[in-house]
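So the sequence shown is numbered by the numbering used here: it starts at -8 and just counts up by one.
Read the structure below first, then the notes.
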Amino acid sequence: MTDRHHLLVHGGTFAAVGDGGDISGVRGGSSPDGLFVRDARHLSRWQLTVDGAVPEALTPVAAGDTARCVLVPRGGRNEPPAYTLFREQAVAEGSFVEALRVTSNRPTATTVRIAVTADADFTDQFELRSDHRTYAKTGVVRQRQVLDDGVEFSYRRGEWWSRTTVTSEPAPDGVEETGTGARRLVWTLDLEPHGSAELALRVAARPHGATQEPRVPVSPAAAGEQLLALEDEFAQGVPFPTGWPELAAACARGLSDLAVLQVPATGPDGEELRVPAAGVPWFLTLLGRDALLTSLFALPYRPGLAAATLPALAATQAVEAGAGAVAQPGKIVHEVRHGELAHFGQVPYGRYYGSVDATPLFLVLLGAYTEQTGDPALARRLEPNARAAVGWMLDHGGLTSRGYLVYRADGGGLANQNWKDSPGAICSADGSRPTGPVMAAGAQGYAYDALRRTAQLARTVWDDEVYAALLEQAAADLRDRFQRDFWMSEHAFPALALDGDGRHVDALASDAGHLLWSGLLDKEYGELVGRRLLEPDFFSGWGVRTLAAGQPAYHPLSYHRGSVWPHDNALITLGLARYGLHDEARTVAHGLVDAATAAGHRLPEVIAGYGRDTHAQPVPYPHACVRESRSAAAPLALLAAVGGA
C-alpha cells in the first residue's frame, strides 16, 4: 500500500495503523486505517501524545504479525529526547492490544503526561471507499460511557447495536472530552532517573450479531504467540521443495497468511466453520469465487479448507429468485457481508449472487475434493446442493437456452460477473465494451469441468448412471460449441467473450489460460494458446498479463486490463502442465516466485504489468490487497504444477 498503513490480521479482525502505531480515522484512499470487525470500524482514532505533543517515529512499524515501533519527542540535535517510547500492538479475534513502555533518558526524577485519544465511529466499510457514495442513517444514537478503567463507545440504529470498550492497566487518571466525540485517556507517570513505566491497553469489539464476548489477550506478546502457533500448525506436513528454496519460502509465507485469513461461517446444519476470506483490507469476508479457488489451490496439502468452504457455500446457496441480490435457485453466493449497510439493505451484498462462475467452481471443488481425499461423505451430504447448482447452470445460467453461461450487468451491483469484475474488464482489443448479455470464456471452461466432475460423482457416489450420461453429453456439446464459436482463426486464440449477438469480444486476454486448466480446448488448440501466452506481449517476466500489451485497451496499471494477477497465473501454470507444456509452466512459475521473493516471499493480489526487461523489480499495483487468499495459495498451486523444478 502506498499510504503507509500496516496491517495486523487475525481471522475476521484486522487493524491498519500508521508508522507510529496511530489510527487517524482517515476516509478514502487505498486503505482506511482503524480496527475493523465484521465490516465495521470499531476504532477510528487511536492517537498517542506525550506532554501534549505527538512523538515521531525513530523506528517505524515494520511488516509482521505484531506492530512494534520506537518513538521519541520531537526535537533537534542539541536537544536530545527526554523520553523514549516503545510501542507494541497486535490483534486477536474481536480485539486489539497495546503495550506501551515509557523510559526516561534523564538522570533525575521526572514526570511525564501520556494521553491516548480514542474514538469508535462504527462506520461501515462501504462508506470508506473512494466511490463518493453517501448513505442515509436515521435514528442513530451514539453514547460514550466512562468506566473505572477506561471508556465504552456504543452505537444504536434501530435493532442494530455495536460497542467498543477501551480499558487499561493501570487505569487512566482521567477520561477527558475532546469536543469531537472522541475521549482522551490520560496518565501522569512519575519516573525515576532513567526509569520506566508501562501501560497495557486493551480494546474489545462487540459487533452487532456477535454471539460471544471477545477473548482479549493479556498482551501483544500473548496475541503474537497465538498467531505463531496457528501459523505453525497450518504449515505442518506440507512437503516444501528442498531444491527450490524461494518456492519453499513463498509456500511457507502463503500458508501463514492463509492461517490468519480464515473467518467464521456456518454450515447447513448450523455447524461452525472457518473458511478462507478473500483478503484485506476490503474483503475480509466470504467471497464464493475466492474461497473456492483458494481451496482448490490448497487441496493437495490442506483439504480442510475445501471441507469447510463447500458446506459454508451450500448453506448460503440461493433457493429462490431475488432481483436485488441477483439470486436464482441453485446459484452459489458471490459475497457475504455482515455490516450495517447490508443489514438495512442499503447495499446488496448481505448475500449477493452476482457471479457467473462461483456455481460451476463449487461443483469443480466438490468433485476434486472427493477425488483427492477418496472420501465420498461430503459429496453424499451435498448431493441436493450439487444437483441444484447443475440445475442453475442449465436453466437460469443459460447453458440450455443460450448454449453458454451468461450474465447481464447488475445496475445495483457488479457490471461484470466473471473473475475480471471491474467495469471495463470485458472489452474488445480497442477498449470498447459489449452491451447486453455477456458470455465470458473462462466461465465456459469452469462449466465444462463442472459437468464432467459432477457426472463422475453421479456415477461413483450417487449411483445415477442416467444423470451421469446426461451431464457428460452436455459437457461434450459445450466443448464442441465453444471451439466453433469462440475461436478467432485470425489470431489462433479464443475470444475473451461473446456479446449478446454472438460476436467476438476480441481482446487477447489471459482468461484463455483458464481454458487449459479446465481442459476445454482440444490438444492442438491448447498447445497454441499455451505457447502464445508466453510471447513477450503477454508474459511480463513476472507473469502473464491479464491483457496482452500492444492492444489499445492495454494499460499496465489497470486492474484487469494489463496487470499481472498471481492467482490467474497459478491457474495458467496448472493448465500449461495439464497440456504437457512443462517448460512454459516452469517459466511462469519462476516469474511468479521471483516476484514473491522481491516482496518478502509474499504475493500480493495483483502487480503492475510493466516488463521485467525494463523494470528490475516488480512494480506494485497501487490498490492491491496486501494479503489475499488466492495469492497466498498460489505458490501451492505452482508446487502442484511443477514440483520443485
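From the three backbone atoms N, C-alpha and C, an ideal C-beta is built for every residue, glycine too.
Since we're looking at a predicted model, the values are computed, not measured.
CA-to-CA distance, residue j to residue i, given in whole angstroms
i     : j    : result
M(-8) : G55  : Because M(-8) carries a pLDDT of 35, less than 50, the predicted location of this residue cannot be relied on, and no value is offered for it.
A58   : S549 : 32 Å
L(-2) : G11  : 13 Å
H614  : T364 : 37 Å
V45   : L39  : 6 Å
L630  : V229 : 11 Å
A269  : P184 : 51 Å
T257  : T307 : 9 Å
V457  : A377 : 16 Å
I105  : R206 : 27 Å
G341  : R328 : 4 Å
G149  : W453 : 48 Å
G510  : A576 : 15 Å
Q474  : R494 : 14 Å
L462  : P428 : 25 Å
D112  : Y146 : 8 Å
P485  : V520 : 8 Å
A240  : A297 : 23 Å
Beta strand (DSSP E) segment containing residue i, residue limits
i    : result
S86  : 86 to 95
H558 : Where H558 is concerned, there is no enclosing beta strand (DSSP E), although the alpha helix (DSSP H) it sits in stretches over 557 to 569.
F77  : 74 to 83
A196 : 187 to 197
F144 : 141 to 148
A109 : 101 to 110
V41  : 36 to 41
W152 : 151 to 160
L49  : 47 to 50
Residue i - DSSP class collapsed to helix/strand/coil
i     : result
M(-8) : Residue placement at M(-8) is poorly supported in this model, since its pLDDT is 35, which falls under 50; the coordinates still yield a value, given next. Coil, per DSSP.
D281  : helix
F477  : coil
G313  : strand
R444  : helix
S620  : helix
R133  : strand
R175  : strand
R472  : helix
V579  : helix
G591  : coil
A539  : coil
G165  : strand
Y437  : helix
Y398  : strand
F529  : coil
Residue span of the alpha helix (DSSP H) that contains residue i, given as start and end
i    : result
S247 : 236 to 251
D63  : The sequence given here has Val at residue 63, not Asp. Note, V63: premise wrong, no alpha helix (DSSP H); beta strand (DSSP E) at 58 to 63.
G215 : 211 to 226
V355 : 349 to 364
A380 : 374 to 385
T300 : 295 to 306
L507 : 503 to 509
Any non-hydrogen atom of the ligand FMN within 7 Å of residue i CB
i    : result
P184 : This structure simply doesn't include the ligand FMN, nor any ligand for that matter.
Pick from the options that is closest to residue i, judged by C-alpha positions
i    : options                : result
G186 : D412, A100, R522, A540 : A100
S121 : S159, A503, H606, P23  : P23
T300 : P198, L264, V327       : L264
A625 : L249, G313, N376, D471 : L249
E84  : L275, T451, D471       : L275
T110 : H334, R174, R148, T125 : It should be noted that the sequence gives Asp, not Thr, for residue 110. Ranking the options by Cα distance to D110, first place goes to R174.
P72  : D497, V381, E79, P98   : P98
S86  : R133, A214, T94, V131  : A214
E374 : E331, D401, L405, A305 : A305
L238 : A586, P208, L190       : A586
L283 : L354, A243, A416, L246 : L354
L180 : Y74, A48, L218         : Y74
P302 : R124, T155, A368, G43  : A368
V131 : V137, E118, W151       : W151
F530 : A420, G2, G582, S15    : G582
Beta-ladder partner(s) of residue i, from DSSP
i    : result
F5   : V0, F27
F484 : M479
G417 : In the sequence under discussion, the amino acid at residue 417 is Ile, which differs from the Gly named in the question. I417 pairs with nothing; no bridge assigned.
I323 : Answer is none; I323 lacks a bridge partner.
H495 : L489
R265 : P255
V271 : R618
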